[in-house]
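Enquirer:
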Ligand code: GRG
């Protein structure tokens, strides 16, 4: 969407994403085995292993490795993040919310398994996420694990994801929605979990308070940027590429950044957020910071 900005020349982002995505998918596969009651397990696996971009797990792993932490230490948290992200999408797709038929290029969970199973599979996945972090996080102190659990809970509840979703749902059709309201929705609905992802990784990697706060600021910036870029992409993508949700948003004349400040200003805002995010990483080991820098650039310059 924006003008390409240079990533560290020696860092192979494609290989990094491929390698980490395989690890995360293997861990997710193992975390939800096919046991009885089989319907719930199948429903969870259907959406969890449907080919999401794994942005949150990858961010969490990269933040942990920024401090020299190991992938295996952060993997339960990485899986928990993808589980909660996925169950939130399953909830969002339900007829009582967005009523969507397609997600990640496949029929939505409730279309395949029915609403009752889909709601219960989401409930189970939320519980499993916390169970996984609490029981499978190895090689760090109990205090770190508790801090991670607190961070995750805060990111998804009525001070985070749910807050963004409720304000979004309640403001549907409100043509007076302003920039402040839009920012509140995006900061909570989208940015809170992205922020939580990097903070959880940083805690498990052993970052000190000041370092964790820098990573938090990075997360906040890329979180809001994710949504600003999404709003711009909804408009700039050719109609052929537009997904069902995007078309719905446009048709309903949903409030977006381009609608409120125009496409150019939205792109400039995203660019500013990207620079601010990357600035937080100044002073860290440049090799270890490379994945987080590349991910910020990916979020800023992606085209889908
Ligand atoms: C978490 C308890 C709990 C409840 C959920 C329904 C609800 C409450 C929240 C909905 C939140 C929502 C739909 C947020 C949008 C997040 C977002 C930016 C989705 C797109 O993320 P990508 O592009 O998607 O990372 P993939 O499919 O690649 O994972």
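Residue numbers (this note's numbering): 4 to 307. By construction, the Cβ of each residue, glycine as well, lies at the ideal position given by its N, Cα and C atoms. Keep in mind that this is a model prediction, so the values were computed, not measured.
Could you give the DSSP three-state label for residue 217: helix, strand or coil?
Expert: Here residue 217 is taken as the residue at index 214 of the chain shown, counted from 1. Looking at residue 217 - three-state DSSP - the assignment turns out to be helix.
Enquirer: For residue 97, which of helix, strand or coil comes out of DSSP?
Expert: Taking the first residue of the chain shown as position 1, residue 97 is located at position 94. If DSSP states are grouped into helix, strand and coil, residue 97 belongs with coil.
Enquirer: Give me whichever residues DSSP pairs with residue 109 in a beta bridge.
Expert: Start at 1 with the first residue of the chain shown, and residue 109 comes out as number 106. Note: residue 109 sits in a beta bridge opposite 106.
Enquirer: Could you have a look at residue 223 and say whether DSSP puts it in helix, strand or coil?
Expert: As a first step, residue 223 must be located in the chain shown, where it is residue number 220. Three-state result, residue 223: helix.
Enquirer: Let me check understanding here. Comparing Cα to Cα, which of 305, 225, 268, 240 lies closest to residue 282?
Expert: The residue you call residue 282 lines up with position 279 of the chain shown. It is 225.
Enquirer: Ligand 1 heavy atoms versus the CB of residue 229: any closer than 7 angstroms?
Expert: The residue you call residue 229 lines up with position 226 of the chain shown. Yes - ligand 1 has a heavy atom lying nearer than 7 angstroms to the Cβ of residue 229.
Enquirer: Does ligand 1 have even one heavy atom less than 7 angstroms from the beta-carbon of residue 129?
Expert: Locating residue 129 in the chain shown gives position 126, where the first residue counts as 1. Checking the Cβ of residue 129 against ligand 1 gives yes.
Enquirer: In terms of alpha-carbon separation, which member of 34, 189, 147 lies closest to residue 129?
Expert: By one-based count along the chain shown, residue 129 stands at place 126. Answer by Cα proximity: 34.
Enquirer: CB-CB under 7 angstroms to residue 174, same chain, minus the five flanking residues each way: which ones, in chain order?
Expert: Stepping through the chain shown from its first residue, residue 174 is reached at position 171. Excluding positions up to five away in sequence, the list reads 180, 184.
Enquirer: Using 10 angstroms around the beta-carbon of residue 67, count the other beta-carbons present and answer buried if the total reaches 16, otherwise exposed.
Expert: Here residue 67 is taken as the residue at index 64 of the chain shown, counted from 1. Residue 67 should be labelled buried.
Enquirer: Decide if residue 294 is buried, meaning its Cβ has at least 16 other Cβ atoms within 10 Å, or exposed.
Expert: For the purposes of this step, residue 294 is taken as the residue at position 291 of the chain shown. By the neighbour-count rule (16 or more Cβ atoms within 10 Å), residue 294 is buried.
Enquirer: What's the C-alpha gap between residue 54 and residue 168?
Expert: As a working mapping, residue 54 is identified with position 51 in the chain shown. As a working mapping, residue 168 is identified with position 165 in the chain shown. Looking at the two C-alpha atoms, the distance is approximately 23 angstroms.
Enquirer: Measure how close the beta-carbons of residue 123 and residue 43 come, nearest whole angstrom, since I'm counting them as under 8 angstroms.
Expert: Numbered from its first residue, the chain shown carries residue 123 at position 120. Numbered from its first residue, the chain shown carries residue 43 at position 40. Contact flag correct, Cβ pair sits at about 6 angstroms.
Enquirer: Report yes if the C-beta distance between residue 27 and residue 83 is below 8 angstroms; otherwise report no.
Expert: The residue you call residue 27 lines up with position 24 of the chain shown. The residue you call residue 83 lines up with position 80 of the chain shown. No. Outside cutoff.
Enquirer: Just mark residue 285 as buried or exposed, buried being the case when its beta carbon has 16 or more other beta carbons within 10 Å.
Expert: As a first step, residue 285 is located in the chain shown; it is residue number 282 there, counting from the start. When all chains shown are included, residue 285 counts as exposed.
Enquirer: Given this structure, state the Cα-to-Cα distance separating residue 94 from residue 163, to the nearest angstrom.
Expert: As a first step, residue 94 is located in the chain shown; it is residue number 91 there, counting from the start. As a first step, residue 163 is located in the chain shown; it is residue number 160 there, counting from the start. The alpha-carbon atoms of residue 94 and residue 163 are separated by roughly 16 angstroms.
Enquirer: Please tell me whether residue 64 and residue 109 are closer than 8 angstroms, where the distance is taken between their beta carbons.
Expert: For this step, residue 64 is matched to residue 61 along the chain shown. For this step, residue 109 is matched to residue 106 along the chain shown. No. Outside cutoff.
Enquirer: Within this structure, are the beta carbons of residue 72 and residue 207 separated by less than 8 angstroms?
Expert: Position 69 of the chain shown, counted from the first residue, corresponds to residue 72. Position 204 of the chain shown, counted from the first residue, corresponds to residue 207. Yes. Within cutoff.
Enquirer: Are the stretch 188-202 and the stretch 211-228 in contact at 8 angstroms, needing three or more beta carbon pairs?
Expert: The stretch 188-202, when compared against the stretch 211-228, does touch it at the 8 angstroms Cβ threshold.
Enquirer: Going along the chain, which residues of its own chain have a beta-carbon closer than 6 angstroms to the beta-carbon of residue 74, five neighbours each way excluded?
Expert: Residue numbering aside, residue 74 sits at position 71 when the chain shown is read from its first letter. Hits under 6 angstroms: 64.
Enquirer: If you count every other CB in all the chains shown that lies within 10 Å of the CB of residue 270, and 16 or more means buried, which is it?
Expert: Along the chain shown, read from residue 1 onward, the residue named residue 270 stands at position 267. The residue in question, residue 270, is buried, as its Cβ has 16 or more Cβ neighbours within 10 Å.
Enquirer: Using 7 angstroms as the cut-off, classify the Cβ of residue 193 as near or not near the heavy atoms of ligand 2, replying yes or no.
Expert: Ligand 2 is not among the ligands present in this structure, which contains only ligand 1.
Enquirer: Is the beta carbon of residue 168 within less than 7 angstroms of some heavy atom of ligand 1?
Expert: Taking the first residue of the chain shown as 1, we reach residue 168 at position 165. It does: the Cβ of residue 168 is within 7 angstroms (strictly closer) of some heavy atom of ligand 1.
Enquirer: What is the DSSP secondary structure of residue 134, counted as helix, strand or coil?
Expert: Stepping through the chain shown from its first residue, residue 134 is reached at position 131. Helix, per DSSP.
Enquirer: Is the Cβ-Cβ distance between residue 172 and residue 151 less than 8 angstroms?
Expert: Taking the first residue of the chain shown as 1, we reach residue 172 at position 169. Taking the first residue of the chain shown as 1, we reach residue 151 at position 148. No. Outside cutoff.
Enquirer: Whose CA, out of 119, 31, 221, lies closest to the CA of residue 275?
Expert: What you label residue 275 is simply residue 272 of the chain shown in a count that begins at 1. For the residues 119, 31, 221, the minimum Cα distance to residue 275 belongs to 221.
Enquirer: Which residue comes first and which comes last in the alpha helix (DSSP H) that contains residue 61?
Expert: Numbered from its first residue, the chain shown carries residue 61 at position 58. Segment 58-69, the alpha helix (DSSP H) holding residue 61.
Enquirer: Taking 6 angstroms as the limit between beta carbons, can you name the residues of its chain near residue 260, skipping five residues before and five after?
Expert: Position 257 of the chain shown, counting from 1, holds the residue named residue 260. Once the five neighbours on either side are set aside, the close Cβ partners of residue 260 are 231, 234, 269.
Enquirer: What does the Cβ neighbour count give for residue 79, buried or exposed, with the cut at 16 atoms within 10 Å?
Expert: Residue 79 sits at position 76 when you count from the first residue of the chain shown. So residue 79 counts as buried.
Enquirer: Give me the Cβ distance between residue 299 and residue 280, rounded to the nearest whole Å; I'm assuming they're in contact under 8 angstroms.
Expert: For the purposes of this step, residue 299 is taken as residue 296 along the chain shown, with counting starting at 1. For the purposes of this step, residue 280 is taken as residue 277 along the chain shown, with counting starting at 1. Yes, residue 299 and residue 280 are in contact; Cβ-Cβ is about 5 angstroms, under 8 angstroms.
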